[in-house]
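Protein chains: 2
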Amino acid sequence: MKPPVVFLLLATAMAAVADPLPSWNETPTKKAIVDFVEKVTTKGSPDYVVPAERIATFDNDGCLWSEQPMYFQAFYIFDRIKALAPEHPEWKDKEPFASVLKDDVKGALSGGEKALLEMAMATHAGLTDEEFRKVVGDWLATARHPKTGMPYDKMVFQPMLELLAYLRAEGFKTFIVSGGGIDFLRVFAEDTYGIPPEQVVGSSIGAKYELRDGKPVLVKIPDSLFIDDKEGKPVGIHQHIGRRPIFAAGNSDGDFQMLEWTTAGEGPRFGLLVHHTDAEREFAYDRDSHVGKLSRGLDEGPDRGWTIASMKRDWKTIYPATE
Amino acid sequence: MKPPVVFLLLATAMAAVADPLPSWNETPTKKAIVDFVEKVTTKGSPDYVVPAERIATFDNDGCLWSEQPMYFQAFYIFDRIKALAPEHPEWKDKEPFASVLKDDVKGALSGGEKALLEMAMATHAGLTDEEFRKVVGDWLATARHPKTGMPYDKMVFQPMLELLAYLRAEGFKTFIVSGGGIDFLRVFAEDTYGIPPEQVVGSSIGAKYELRDGKPVLVKIPDSLFIDDKEGKPVGIHQHIGRRPIFAAGNSDGDFQMLEWTTAGEGPRFGLLVHHTDAEREFAYDRDSHVGKLSRGLDEGPDRGWTIASMKRDWKTIYPATE
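Going down the list, the protein sequences come from chains A and B. Numbering-wise, the first sequence is residues 1 to 323 according to our numbering. Numbering-wise, the second sequence is residues 1 to 323 according to our numbering.
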């Protein structure tokens, strides 16, 4: 090999190392992230953190993928209610199911969280874990977002995919900590985000172990409800991970306590809030949104040392390039 | 370097590779384990399993450490009841606490699982996660086993430590799936077994997130009880890990369903039961024991293709050598 080739290769390699976040603009947000990662991974640095403690948690809806005009799992639930309607003639006269069957989204959601939970239970319970995986997988393969026409699992944020990969390359273990359903998330988290099922924390219902014709199955049952949102997020982190993250990312006030818990620990900590500011390339919403409301985080985040990423300002691209 | 040195180093390295389980005797048990690991890790083998699916789960009491004359966590609970007694004058007249305070172990345990749970709740709830870690850590540092005089966390099985390390070296992710308390286990699992908190599944009570003088804490609360035993083990695996293990090890009928669930999956599977057959070096018990009862596993295990390790026959040593 002639020296120039070596230099060229070296320069390319260095450029790759130098920019682990190519879809992030060169703003203070990107610098804050990279500075944090470098200081906790540099041996001898006063802020060095051993790899075992490099736990990073990410909200999903609105943080790793879009969440407008409503949570994507709600689209799944609505589609599932329609598919199951023939087996449930009583739903025609029973809210919130009746509204769903009339394509009245507003009516279906007017019952608030309670109604959504009731629908989630009705459509998630009763399936074995294998059946549930297949039903959700089939849905993801065929369903399309009403505005973009894209598959839901392609509406993930390229800059966040890079951030996940960057943290993992630097010895972090990345977790999802979402208000969404843990088993729903697990269907696509590994392929989409590189996050294995055992690193997914989410809302959950119970499960029952039983034998069917001598074959053991796990069946989802409508009890033991756990809501992994707000104060539930540190609780979910405690139960599943068992130690405090040093890095947490979210986008709504449902993530407030996760960031509070994370950044209240000793030593270096990073709290990141994704602010949806880009009506043109994605959606723009915060204090008044019915999903992903972000108000307290905007008010208190900066004083708490949290970094607020503006999608419009900080992100070069939103979704991954399609092949 | 002269060739002989290289050969010598190579030979040493090969010997190390050739015997990943030096504390296991050269019996069919050891051969079955090694054969399994080799076939699932050999690329091109029809039984090859990708690393992400190499999930191995281990019971703790009686599988990774001893459990006689009673579960070690019960010793903790008894010691804790005595320490807390001055704050609970009512315990003097209330069973099972009264028996504990009179050092009447039999009386304390005569209420069965319900009494043990009541004592576990009373001694575990109310502490923050940090307080609980400190109390258990202090106890482990000072408490000694009544028969051996050893610290409890030194009464771990050297052959099983080697098995954990061997599996991890071969790309497995190792988990504890125990009827013991998840937070109790997490205090020592990382140092003792190399298993991080996020890979510990166990029985649990609830937790509450709250602010104390502006500082967020997680407090253990006596609700949301989950018993990670028998049918609860596949459920705990499902909730925490989200996929079926390909390797499971236990020692009692409390592990039956975990092994059943594990070995009912498609492809290569391994079920291991540790049989306590060594009264001289450890303890000998099975069908009639009040802890770690093993009966159905002995009857049905062999027909199900499970491997039964006899401590007396298969293990060269029991506990790690002390320095």
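Positions of the beta carbon are idealized from the N, C-alpha and C atoms, including for glycine.
Which runs of the beta strand (DSSP E) spanning at least 3 residues fall entirely within the stretch 158-228 of chain A, listed in chain order? 173-181, 200-212, 215-226
Between B:Asn60 and B:Gly180, which are expected to be in contact by the criterion C-beta below 8 angstroms, what is the C-beta distance as a whole number of angstroms? 6 angstroms
Quick check on A:Ala52: buried or exposed, where buried means 16 or more other Cβ atoms within 10 Å of its Cβ? Under this definition A:Ala52 is an exposed residue.
One or two residues paired with B:Val274 in a DSSP bridge: B:Ala309
If I follow the unbroken alpha helix (DSSP H) through B:Ala56, where does it start and stop? Per DSSP, B:Ala56 lies in no alpha helix (DSSP H) segment; the continuous beta strand (DSSP E) that holds it begins and ends at 55-58.
Three-state secondary structure assigned by DSSP to A:Phe247: strand
Determine the chain A residues that contact B:Arg304 at a beta-carbon separation under 7 angstroms, and present them in chain order. Ordered by position in chain A, no residue passes the 7 angstroms Cβ test against B:Arg304, which lies about 12 angstroms from the chain.
What span of residues does the alpha helix (DSSP H) with B:Asp35 cover, start to end? 28-41
State yes or no: is the beta carbon of A:Ile246 nearer than 8 angstroms to at least one beta carbon in chain B? Residue-level contact check: A:Ile246 does not touch chain B, since none of the beta carbons of chain B fall below 8 angstroms from its beta carbon.
Is there at least one Cβ from chain A nearer than 8 angstroms to B:Arg243's Cβ? At least one chain A Cβ lies under 8 angstroms of B:Arg243.
To which residues of the same chain is B:Leu167 closer than 8 angstroms at the C-beta, ignoring the five residues directly before and after it? Hits under 8 angstroms: Val37, Arg54, Ala56, Thr174, Phe247.
What number of angstroms, rounded off, separates the C-alpha of B:Thr123 from the C-alpha of B:Glu67? 20 angstroms
Cβ separation of A:Gly149 and A:Ile176, assumed to be a contact under 8 angstroms, to the nearest whole Å: Going by Cβ atoms, the distance from A:Gly149 to A:Ile176 rounds to 26 angstroms, so no, they are not a contact pair.
Check whether chain B comes within 8 angstroms of A:Val135, counting only Cβ atoms and requiring the distance to be less than that. no
Grab the span of the alpha helix (DSSP H) containing A:Leu298 for me, first residue to last. Per DSSP, the unbroken alpha helix (DSSP H) holding A:Leu298 starts and ends at 296-300.
List the residues that DSSP assigns as beta-bridge partners of A:Trp24. A:Trp315
Please work out which residues of its chain come closer than 8 angstroms, Cβ to Cβ, to B:Lys2, disregarding the five sequence neighbours upstream and downstream, and give them in chain order. No answer about B:Lys2 holds up, because its pLDDT of 46 lies below 50 and its placement is not dependable.
Per-residue DSSP class, three states only, for A:Met1: Caution applies to A:Met1, whose pLDDT of 40 falls short of 50 and renders its modelled position unreliable; the model cannot decide the point.
Could you tell me which chain A residues have their CB closer than 8 angstroms to the CB of B:His238, listed as they occur along the chain? Asp129, Ala207, Leu218
At least one CB of chain A closer than 8 angstroms to the CB of B:Trp91: is that the case? With a threshold of 8 angstroms between beta carbons, B:Trp91 makes no contact with chain A.
To the nearest angstrom, report how far apart B:Pro216 and B:Tyr209 are at their CA atoms. 7 angstroms
Beta-carbon within less than 7 angstroms of A:Ile182's beta-carbon, same chain only, minus the 5 sequence neighbours each way: which residues are those? Val200, Val201, Gly202, Ser203, Ser204
Over what stretch of residues does the alpha helix (DSSP H) that includes B:Ile237 continue unbroken? 232-240
Below 8 angstroms on the Cβ atoms is my guess for A:Trp65 versus A:Phe184; work out the distance and round it to an integer in Å. That pair is no contact at about 12 angstroms.
Which class does A:Ala85 belong to by DSSP, given the choice of helix, strand or coil? helix
Span of the alpha helix (DSSP H), counted from its first residue to its last, around A:Gln257: 256-263
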